[in-house]
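Peer 1:
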Amino acid sequence: MYAPTSDSADVEQFYEEIEKAKGYLKSQDIIIIMGDFNARVGDKRVEGVVASGGIGTVNEGGSRLIDWCKINDFTITNTWHQNRPRQQWTWKSPEDRSRN
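Residue 6 is where the sequence shown starts when you use my numbering, and the numbers rise one by one after that.
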């Protein structure tokens, strides 16, 4: 999955599509959702959702993802372990000014 980076209506539609897909699952199914959510969840622990392995400061996309995870009882698993610095980001801006 790849979340949109811009328009809040597009982001809302993205989460609605996830909800729609969840509707096809059985209650006993194990659900794993993977993708680029264009979200920074920050380094502050959020009980049951974000552990101490998050980085940086939470952004708007991160807040949206955290809220969605709370409502749906999901956890952001890549925050549950510490990564080496190079493994903490997947995108780098030209001239290395920003990393996400």
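We put the beta carbon where it would ideally sit given N, CA and C, even for glycine.
Does the distance from the C-beta atom of V16 to that of A26 stay below 9 Å?
Peer 2: no
Peer 1: With distances taken Cα to Cα, identify the nearest neighbour of D41 among D34, D12, T95 and A56.
Peer 2: T95
Peer 1: Is the stretch 56 to 72 touching the stretch 23 to 39 in the sense that three or more CB pairs, one from each, lie closer than 8 Å?
Peer 2: no
Peer 1: Leaving out five residues before and five after V63 in sequence, what residues of the same chain have Cβ atoms less than 8 Å from its Cβ?
Peer 2: R45, V46, G47, K49 and I71
Peer 1: Tell me whether T84 is buried or exposed, calling it buried when 16 or more other Cβ atoms sit within 10 Å of its Cβ.
Peer 2: Buried: at least 16 other Cβ atoms inside 10 Å.
Peer 1: For D34, which three-state DSSP category applies?
Peer 2: coil
Peer 1: Under a Cβ-count criterion, where at least 16 other Cβ atoms within 10 Å of its own Cβ denotes burial, should I76 be classed as buried or exposed?
Peer 2: exposed
Peer 1: Roughly how many angstroms lie between the CA atoms of G28 and E100, to the nearest whole one?
Peer 2: Approximately 43 Å between the Cα atoms of the pair.
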